[in-house]
Amino acid sequence: MNAPMDVDVSYYIVLSTVIFFIGVGGVILRRNPLIMLMAIELMFNAANLALIAFARVWINNAGQIFAFLVITVAASEAAIGLAIVVVVFRRAKNVDVDEVAGLRG
Amino acid sequence: MPSTLTIPWGNADWNAILPLGVVALTPLLVILADLLLPRSLRRSVVLALAALGLIYAGFLAARGWGHPYSAFGGGFVTGGFTIVFQEIVIAGALFSLLLATHLGRDDQAGGAVALLLWSASGAMLMAGAANLMTIFLGLELLSLALYCLCGLAARPSAREAALKYLILSSTASGFMLYGMALLFGATGSVQLSAFAAPAASPMLFTLGSGLFLIGFVFKLSLAPFHIWTPDVYEGAPLPVTAFMSVVTKAGALAVLARFAYAALPQANAQAILVPLWIVAALSMIVGNVGALAQTDVKRLLAYSGTAQLGYVVAALAGTTSLGLRYAIFYLVAYMFMNLGAFAVVALLSREHEEGSHLSAYAGLGYRQPVLAALMTFFLLALAGLPPTAGFTGKLLILASSVDAGYAWLAVILIVGTAISAYAYLKIVLAMYARGAGAPLQRALHPASALPWLGVAICAIATFVLTFYPLAPSDVLPLVK
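Taken in sequence, the protein lines are chains L and Y. Counting in this note's numbering, the first sequence runs from 1 upward without gaps. Counting in this note's numbering, the second sequence runs from 1001 upward without gaps.
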């Protein structure tokens, strides 16, 4: 049996940064609110990955507990987000935030 | 041998969060009452229950004055600072309830009031939150309930406001959360108090604080992250807008102040916070210039709120103890003058139309002289003219920012005030303009006694606070 491979923690941080920026890009570039919500989930989960990696570095379980908290909150956020999207687009034919622009900004 | 499970915290910890617990549990009673009572009684009973719960929580919170305690392993800190902010949140929520006589349909009232209270309990958690987890939990509790409340009114703009608020606010939460992860990475702790020690990786710490602050600048709707505010304020139902303009700001400001005063390493605290003062300066200009073009009072108050929160944050510049005291004083003054203006808007509202458009104010000085005079008073207070609390507050902020060596902030504050006077006086002029078309005769709500009560309390408080600079001298030591 092979010994478990040790992966340097910096790889995790780099990966989480990449995921975070994919999320930011998704929110900025995509126009479909469902995709935007998914991109926001990506941002949250990038933070989770960083939290867990740092928890390993510092040998402090607080990071892992925080990640559980974030998962719970993100689930409620997704539930409320989907409900609002459904309410907004119940009568619309397609789903696009550019069509929801009655307010002037 | 049977193993025993010990709970690491005792009565003192639960006592510390008792006010918060009362506000979080009252909604269960509210929902139960909503289920059991006949439709005609429902709204009044629900409002009464919610108000009683809030008042009781306010009493419980005040009882803890002078007994600082760090509960749940440092996750929640009570003491003067926490109590002041909790009382501001409770007062803000109570005033929003006064305006809520027409919030949603009768069958929605219970749910709406329950969500309002849950949101307030999130802000109360933020007021005492002293580690990253409780801050995040409080912020999300506050925001998630508000997303639903924004979409409550039966008009397309409300749904649009809810969607915009959801997407933008969640993105800001994402930034803030990633900032928190980096802060944890830099220091190895989630406790704010542990951040004051030099970080293992200063670069990571600066980056983390930057992202963390962006999240809170968004919640405080400071420029350049204020774009969402006018749209959301316009679309959301009036009581919810009033609630957001005070309670959200109080919660976010509490965390921001605690972070700025207690959680930054002494050596480079000022360097990390400089962008914050620049954002405050920008808000004073952008908020007041933006207010000039508005023809809707709710939108005007949104831009005005951006500028007013800019003043509050400017008071923190240099993180002096006087600055914190004056920031709290100005926040309280802002609560009364701002909610007073919202209560006037509520009084001018009809069943399907909120009295926020400028046309509702044309010739108001002749139709309802008392109401017009009070609205003038609130607007002058927001502009910072004497004899109002807004004047005293601005004077104190000017003094503290000059003292702390931020004279440029004081100059920008004066310039911003000059611009804002024009924006507010536009409404005053409309109210007293003769022959401004045939004035629309607007019937008052039948249930307008409660908003009148709100107007009266806000007017008295705005006047009295002029002469009574708040002096919670023991606020600062309790932040730490």
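All C-beta atoms in this analysis are idealised placements derived from N, C-alpha and C, irrespective of residue type, glycine included. Keep in mind it's a predicted model, so treat the numbers as computed, not measured.
Exposed unless 16 or more other CB atoms sit within 10 angstroms - verdict on residue i
{"i": "D6 (chain L)", "result": "exposed"}
{"i": "L1168 (chain Y)", "result": "buried"}
{"i": "G1454 (chain Y)", "result": "buried"}
{"i": "Y11 (chain L)", "result": "exposed"}
{"i": "D8 (chain L)", "result": "exposed"}
{"i": "N45 (chain L)", "result": "buried"}
{"i": "V24 (chain L)", "result": "buried"}
{"i": "F1467 (chain Y)", "result": "exposed"}
{"i": "H1067 (chain Y)", "result": "exposed"}
{"i": "A79 (chain L)", "result": "exposed"}
{"i": "G1437 (chain Y)", "result": "Bear in mind that the predicted position of G1437 (chain Y) carries a pLDDT of just 49, short of 50, making it unreliable; the figure below should be weighed with that in mind. Exposed."}
{"i": "P1239 (chain Y)", "result": "buried"}
{"i": "N1131 (chain Y)", "result": "buried"}
{"i": "F1259 (chain Y)", "result": "buried"}
{"i": "D1106 (chain Y)", "result": "exposed"}
{"i": "L1137 (chain Y)", "result": "buried"}
{"i": "S1473 (chain Y)", "result": "Since pLDDT at S1473 (chain Y) reaches only 47, below the 50 mark, its modelled position is unreliable, and no value is offered."}
Nearest to residue i (by Cα), restricted to the options the options
{"i": "V1297 (chain Y)", "options": "Y:A1346, Y:L1177, Y:I1272 and Y:L1264", "result": "Y:A1346"}
{"i": "L1300 (chain Y)", "options": "Y:F1342, Y:S1209, Y:G1179 and Y:Q1270", "result": "Y:F1342"}
{"i": "E1234 (chain Y)", "options": "Y:Q1108, Y:A1153 and Y:P1019", "result": "Y:A1153"}
{"i": "F21 (chain L)", "options": "Y:A1123, Y:M1431, Y:Y1178 and Y:V1246", "result": "Y:Y1178"}
{"i": "A1051 (chain Y)", "options": "Y:A1093, Y:A1421 and Y:M1337", "result": "Y:A1093"}
{"i": "L1166 (chain Y)", "options": "Y:A1100, Y:S1209 and Y:A1236", "result": "Y:A1236"}
{"i": "G1393 (chain Y)", "options": "Y:G1188, Y:A1315, Y:R1434 and Y:L1141", "result": "Y:A1315"}
{"i": "I1328 (chain Y)", "options": "Y:V1232, Y:V1255, Y:L1029 and Y:A1373", "result": "Y:V1255"}
{"i": "I52 (chain L)", "options": "Y:S1173, Y:G1188, Y:L1036 and Y:D1013", "result": "Y:G1188"}
{"i": "L1047 (chain Y)", "options": "Y:L1450, Y:A1459 and Y:L1465", "result": "Y:L1450"}
{"i": "A1383 (chain Y)", "options": "Y:L1371, Y:N1338 and Y:L1409", "result": "Y:N1338"}
{"i": "A47 (chain L)", "options": "Y:A1252, Y:I1397, Y:V1289 and Y:T1171", "result": "Y:T1171"}
{"i": "A1373 (chain Y)", "options": "Y:T1078, Y:Y1432 and Y:S1359", "result": "Y:Y1432"}
{"i": "S1349 (chain Y)", "options": "Y:P1265, Y:L1025, Y:S1143 and Y:L1103", "result": "Y:L1103"}
Residues bridged to residue i (per DSSP)
{"i": "Q1308 (chain Y)", "result": "DSSP output for Q1308 (chain Y) lists no bridge partner at all."}
{"i": "N1131 (chain Y)", "result": "Y:Q1191"}
{"i": "F1076 (chain Y)", "result": "Y:A1071 and Y:A1129"}
Check whether residue i and residue j have beta carbons under 9 Å apart
{"i": "F1076 (chain Y)", "j": "A1158 (chain Y)", "result": "no"}
{"i": "L1222 (chain Y)", "j": "V1313 (chain Y)", "result": "yes"}
{"i": "S16 (chain L)", "j": "L69 (chain L)", "result": "no"}
{"i": "V1217 (chain Y)", "j": "F1225 (chain Y)", "result": "yes"}
{"i": "I1031 (chain Y)", "j": "A1145 (chain Y)", "result": "no"}
{"i": "L1149 (chain Y)", "j": "L1182 (chain Y)", "result": "no"}
{"i": "Y1422 (chain Y)", "j": "L1292 (chain Y)", "result": "yes"}
{"i": "L1424 (chain Y)", "j": "L1380 (chain Y)", "result": "Checking the sequence shown, residue 1424 (chain Y) turns out to be Tyr, not Leu. Going by C-beta atoms, Y1424 (chain Y) is nearer than 9 Å to L1380 (chain Y)."}
{"i": "V1190 (chain Y)", "j": "G63 (chain L)", "result": "yes"}
{"i": "M1124 (chain Y)", "j": "A1252 (chain Y)", "result": "no"}
{"i": "A1430 (chain Y)", "j": "L1371 (chain Y)", "result": "no"}
{"i": "G1520 (chain Y)", "j": "T1306 (chain Y)", "result": "With chain Y covering 1001 to 1480 only, the question about residue 1520 (chain Y) has no answer from this structure."}
{"i": "G1416 (chain Y)", "j": "Y1330 (chain Y)", "result": "no"}
{"i": "L1207 (chain Y)", "j": "L1276 (chain Y)", "result": "no"}
Cβ of residue i within 9 Å of any chain A Cβ
{"i": "T1171 (chain Y)", "result": "Of the chains in the structure shown, none is chain A; the protein chains are L and Y."}
Min CB distance residue i to chain L below 9 Å
{"i": "A1438 (chain Y)", "result": "Low local confidence applies: a pLDDT of 47 at A1438 (chain Y) is under 50, so the model's placement there is unreliable, and no value is given."}
{"i": "I1167 (chain Y)", "result": "yes"}
{"i": "C1458 (chain Y)", "result": "no"}
{"i": "P1477 (chain Y)", "result": "Here P1477 (chain Y) scores only 37 on pLDDT, less than 50, and its place in the model should not be relied on; the value that follows carries that caveat. Not an interface residue."}
{"i": "F1225 (chain Y)", "result": "no"}
{"i": "V1190 (chain Y)", "result": "yes"}
{"i": "M1124 (chain Y)", "result": "no"}
{"i": "M1133 (chain Y)", "result": "yes"}
{"i": "G1174 (chain Y)", "result": "yes"}
{"i": "A1181 (chain Y)", "result": "yes"}
{"i": "S1473 (chain Y)", "result": "Because S1473 (chain Y) carries a pLDDT of 47, less than 50, the predicted location of this residue cannot be relied on, and no value is offered for it."}
{"i": "Y1178 (chain Y)", "result": "yes"}
{"i": "Y1303 (chain Y)", "result": "no"}
{"i": "G1210 (chain Y)", "result": "no"}
{"i": "T1462 (chain Y)", "result": "no"}
{"i": "A1162 (chain Y)", "result": "yes"}
is_contact[residue i, chain Y] using C-beta, thresh 9 Å
{"i": "L69 (chain L)", "result": "yes"}
{"i": "I84 (chain L)", "result": "yes"}
{"i": "L51 (chain L)", "result": "yes"}
{"i": "V87 (chain L)", "result": "yes"}
{"i": "L29 (chain L)", "result": "no"}
{"i": "N48 (chain L)", "result": "yes"}
{"i": "V18 (chain L)", "result": "no"}
{"i": "N32 (chain L)", "result": "no"}
{"i": "V14 (chain L)", "result": "no"}
{"i": "G23 (chain L)", "result": "yes"}
{"i": "M38 (chain L)", "result": "no"}
Any non-hydrogen atom of the ligand ADP within 8 Å of residue i CB
{"i": "M1133 (chain Y)", "result": "Judged by which ligands are present, the structure shown has none, so any question about the ligand ADP falls away."}
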